[in-house]
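Asks: Protein sequence lines, in the order shown, are assigned to chains A and B.
Residues are numbered in the numbering used here as their position in the first sequence, beginning at 1, plus a constant of 31.
Residues are numbered in the numbering used here as their position in the second sequence, beginning at 1, plus a constant of 38.
All C-beta atoms, glycine included, are put in the ideal place defined by N, C-alpha and C.
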Amino acid sequence: MSTFTPTRPPESLSKNVAPIDAGAHVLGAAFLGGTAALALVDGRILLLDEDGAVSEAVAHPDSGALVCAADGRRLVTGGDDGRVVATSAGGEIETLGDEKGKWIDAVACGPDGAVAWSAGKSVKARDGKGRVKQWTPPSSVRGLVFAAKGYRLAVAHNNGASLWFPNTDAKPDLLEWKGSHLDVMWSPNGRFVVTSMQENQLHGWGLPEKQHMRMSGYPAKTRSMSWSHDGLWLATSGADAVIVWPFQGEKGPMGKAPRECGVRPAKVSAVAFHPKALVVAAGYEDGCVLLCRMTDASELLVRPADQAGGAISALAWDSGGRRLLFGSREGAAGLLTLPV
Amino acid sequence: MSEKIPVTVLTGYLGAGKTTLLNRILTEPHGKKFAVIVNEFGEIGIDNDLVVDADEEVFEMNNGCICCTVRGDLIRIIEGLMKRKGKFDAIIVETTGLADPAPVAQTFFVDQDVQDATRLDAVVTVVDAKWLKDRLKDAPEAKNQIAFADVIILNKTDLVSEGELKEVEAQIRAINPYAKLHRTQRSAVSIADVMDRNAFDLDRILDIEPDFLEEGHHHHHDEEMQSVSFRIPGDVDPEKFMPWVQDLTQREGPNILRCKGILAFKNEPKRFVFQGVHMILDGDVQRDWKPDEKRESKIVFIGRNLDRDAIEKGFLATAA
Chain A
32 MSTFTPTRPP ESLSKNVAPI DAGAHVLGAA FLGGTAALAL VDGRILLLDE
82 DGAVSEAVAH PDSGALVCAA DGRRLVTGGD DGRVVATSAG GEIETLGDEK
132 GKWIDAVACG PDGAVAWSAG KSVKARDGKG RVKQWTPPSS VRGLVFAAKG
182 YRLAVAHNNG ASLWFPNTDA KPDLLEWKGS HLDVMWSPNG RFVVTSMQEN
232 QLHGWGLPEK QHMRMSGYPA KTRSMSWSHD GLWLATSGAD AVIVWPFQGE
282 KGPMGKAPRE CGVRPAKVSA VAFHPKALVV AAGYEDGCVL LCRMTDASEL
332 LVRPADQAGG AISALAWDSG GRRLLFGSRE GAAGLLTLPV
Chain B
39 MSEKIPVTVL TGYLGAGKTT LLNRILTEPH GKKFAVIVNE FGEIGIDNDL
89 VVDADEEVFE MNNGCICCTV RGDLIRIIEG LMKRKGKFDA IIVETTGLAD
139 PAPVAQTFFV DQDVQDATRL DAVVTVVDAK WLKDRLKDAP EAKNQIAFAD
189 VIILNKTDLV SEGELKEVEA QIRAINPYAK LHRTQRSAVS IADVMDRNAF
239 DLDRILDIEP DFLEEGHHHH HDEEMQSVSF RIPGDVDPEK FMPWVQDLTQ
289 REGPNILRCK GILAFKNEPK RFVFQGVHMI LDGDVQRDWK PDEKRESKIV
339 FIGRNLDRDA IEKGFLATAA
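1. Just to confirm, is the Cβ distance from Val-107 (chain A) to Cys-99 (chain A) under 8 Å?
2. Does DSSP put Leu-127 (chain A) in a helix, in a strand, or in coil?
3. Give every residue of the same chain whose Cβ lies closer than 6 Å to the Cβ of Ser-171 (chain A), excluding the five residues on either side of it in the sequence, and list them in chain order.
4. Below 6 Å CB to CB, which residues in the same chain sit around Val-163 (chain A) once its five sequence neighbours on both sides are set aside?
5. For Ser-193 (chain A), would you say it is in contact with chain B, using Cβ-to-Cβ distances shorter than 8 Å as the test?
6. So Ala-308 (chain A) and Gly-352 (chain A) are supposed to be a Cβ contact under 8 Å. How far apart are they, rounded?
7. Between the Cα of Glu-130 (chain A) and those of A:Asp-111, A:Pro-219, A:Pro-284, spot the shortest distance and give me the residue it belongs to.
8. Taking Cβ positions only, does Glu-95 (chain B) come closer than 8 Å to chain A?
9. Classify Asn-214 (chain B) as helix, strand or coil using the three-state DSSP reduction.
10. Closer than 7 Å by beta-carbon distance: list the chain A residues that pair up with Gln-150 (chain B), in chain order.
11. Enumerate in chain order the residues of its own chain whose CB-to-CB distance from Glu-230 (chain A) is below 7 Å, with the five nearest sequence positions on each side excluded.
12. What I want to know is whether the C-beta of Arg-334 (chain A) ends up closer than 7 Å to one or more non-hydrogen atoms of the ligand FAD.
13. What residue does the alpha helix (DSSP H) around Asp-136 (chain A) start on, and which one ends it?
14. In whole angstroms, what is the alpha-carbon distance linking Phe-223 (chain A) and Gly-283 (chain A)?
15. The beta strand (DSSP E) that contains Met-244 (chain A), what's its start and end?
16. What does Ile-294 (chain B) pair with, by DSSP beta-bridge criteria?
17. Is any beta-carbon of chain B found at less than 8 Å from that of Asp-111 (chain A)?
18. Can you tell me whether DSSP reads Asp-327 (chain A) as helix, strand or coil?
19. Can you tell which of B:Tyr-51, B:Glu-334, B:Val-47 has the C-alpha that lies nearest to the C-alpha of Ile-63 (chain B)?
20. List, in chain order, every chain B residue whose beta-carbon is nearer than 8 Å to that of Leu-97 (chain A).
21. From His-243 (chain A) to Thr-226 (chain A), what does the alpha carbon distance come to, in whole angstroms?
22. Closer than 7 Å, Cβ to any Cβ of chain B: which residues of the region 72 to 84 of chain A, in chain order?
23. Hey, could you find the ends of the beta strand (DSSP E) Arg-157 (chain A) is sitting in?
24. State buried or exposed for Glu-290 (chain B), treating a residue as buried only when at least 16 other CB atoms are found within 10 Å of its CB.
25. Under a Cβ-count criterion, where at least 16 other Cβ atoms within 10 Å of its own Cβ denotes burial, should Gly-74 (chain A) be classed as buried or exposed?
26. Nearest-angstrom Cα distance between Pro-215 (chain B) and Asp-111 (chain B)?
27. Restricting to runs no shorter than 3 residues, where is the beta strand (DSSP E) found entirely within the region 173 to 216 of chain A?
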């Protein structure tokens, strides 16, 4: 099932990590084909090609990036200059949207080159052909995600989330739950929408019945979530361990306990499931990065804790699951290449 | 842990002179860089590099506390600003004239991420000496803004007579006798009088004696909004006081805008100080009582339709 076969702990992979000095808070990480890309808050995009050559693109000159998303081909950033910018592996920059200086609060990448973004109460979806549709939800938007299939968008806002088909005039379908919803995830099979909330909990809806699911008990807000490759598990940050909720069956995690892995005396700040195996990469607020295998709870150290580096703020696997890119709030970053 | 960024909240009814004050703060030669969060974006020029447009989106926390409202947009904006650490030294939040200051203030106590990165320095309210009298009659927000203030800028004093000014001051004092009050024209006030006040810092709640005991003041009463303060000339029993104050703020939270207290707890050599906004209370032991200092316990509540007798009776019953 996997090209990934970790040995028993306490093995460390830190010698397989090539350090990267990002020089600024790392907002997000992604692989664009074979090129590793880091989005930095100062508006720069750092690009490392497969030979290790580093180049730089400036997506938001004289301003900064606030949010980012990627689709495997382009890294899309939204900035405090109001612009939505796509950067390719080759460093070419394309402006996809311009909200005239309003902060871009969320971005998402969808199928066939589609991109969505929000600024205040306005959500825009731009399909691969460049056609832009706009919708104004009842309150400002914090999170956006495309469905895995079809041109459909989940929008997180106050008192719930809405499912919007940008190409139809139909009223978006409201998933109601009181409170402020932050980030939003849509399961790969389309059956579940999950949001993180202001009140240190997650809320989920089973579709199409809109069956409620509450996932609580976090000591901090969950700001990073990742689906397993088979779509049956959702890994989440916000606790002193990766909290992994089971999404098998119709009821999702209801009535089931979540799995915990990578228990450490520091909060998890970023998570990323391996694209082929039940292995989750966890970044912590003290700069530590671990790989945790769900089948036997074994762990591998990627980066030791290091307070100066700050919390891990970005994690991404390449599509083959051979390389892991990470970055921190204080500008530390690295590229792990798994031993063959 | 890096230093928390101070946040000053500027409130005031429409036309009172908020934006004039804001521009004055920004242009004074203080060498500081500010991030300014405004609402009426673009209407009046703000002379600053970093100006962020806010939506004043208030929502209730889903935690069973009905008056626990926060500004969602502020949480989002501060999260974004914190990514630009080092670009500014302080944050100023200008609210609209119709805004209730409570959700802004509560945001700084309720959201952990905001609390980790910033500290609320003070609520500064600008009022119009000429029109305040009318606003207090027709605008509940104007009253809230005064009740909430740590610093009150009584502006446009050149447009009224000394007698009218005294009258307006008395009206302000009837609502909030504890704020620092500055008379100004064209919002001309020293920056030190509005910034770095540490008004929400427990260590800075040194005294809660009213600031207004000047001669010649006749006492005014506002029927709806008032402040009540009580004193016990000695210790209180924390086992009685804590449940009482928690129960009071839980029950009367929607009516209590601000509260403060300095208490002598039985067998405790240090002063206990607390302050609160609606239902949210923050308290801790502070410095030692000085040898020449009289151990006594004082509390003050500013709010709407407060039951003075019940609060007094309840508080006095906590005496040790």
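Replies: Once the coordinates are examined:
1. A Cβ-Cβ contact shorter than 8 Å links Val-107 (chain A) with Cys-99 (chain A).
2. Here Leu-127 (chain A) sits in strand by DSSP.
3. Closer than 6 Å at Cβ, skipping near neighbours: Gly-151, Lys-152.
4. The residues are Lys-155, Arg-157.
5. Not one beta carbon of chain B lies nearer than 8 Å to the beta carbon of Ser-193 (chain A).
6. Contact flag correct, Cβ pair sits at about 7 Å.
7. Selected option, being the one with the closest Cα: A:Asp-111.
8. Chain A, which has a Cβ nearer than 8 Å to the Cβ of Glu-95 (chain B), makes this yes.
9. Coil, per DSSP.
10. Residues of chain A passing the Cβ test: Ala-251.
11. Within the same chain, Glu-230 (chain A) has close Cβ partners Gly-210.
12. You won't find the ligand FAD in this model; it holds no ligand whatsoever.
13. Per DSSP, Asp-136 (chain A) belongs to no alpha helix (DSSP H) and is neither H nor E.
14. Near 8 Å, if we compare the C-alpha coordinates of Gly-283 (chain A) and Phe-223 (chain A).
15. 242 to 246 is the span of the beta strand (DSSP E), which, as asked, contains Met-244 (chain A).
16. Bridge partners of Ile-294 (chain B): B:Gly-341.
17. Yes, Asp-111 (chain A) lies at the interface with chain B (some Cβ there is under 8 Å from its Cβ).
18. Coil, per DSSP.
19. Checking every option, the nearest Cα to that of Ile-63 (chain B) belongs to B:Val-47.
20. Simply Gly-118, Lys-121.
21. When rounded, the distance between both Cα atoms is 11 Å.
22. Per Cβ criterion, the list reads Val-72.
23. In this chain, the beta strand (DSSP E) harbouring Arg-157 (chain A) covers 153 to 157.
24. Glu-290 (chain B) is buried by the Cβ-count criterion.
25. By the 10 Å Cβ count, Gly-74 (chain A) comes out buried.
26. Between Pro-215 (chain B) and Asp-111 (chain B), the C-alpha separation is close to 32 Å.
27. Runs of beta strand (DSSP E) with 3 or more residues, each lying fully within the region 173 to 216 of chain A, are found at 184 to 195, listed in chain order.
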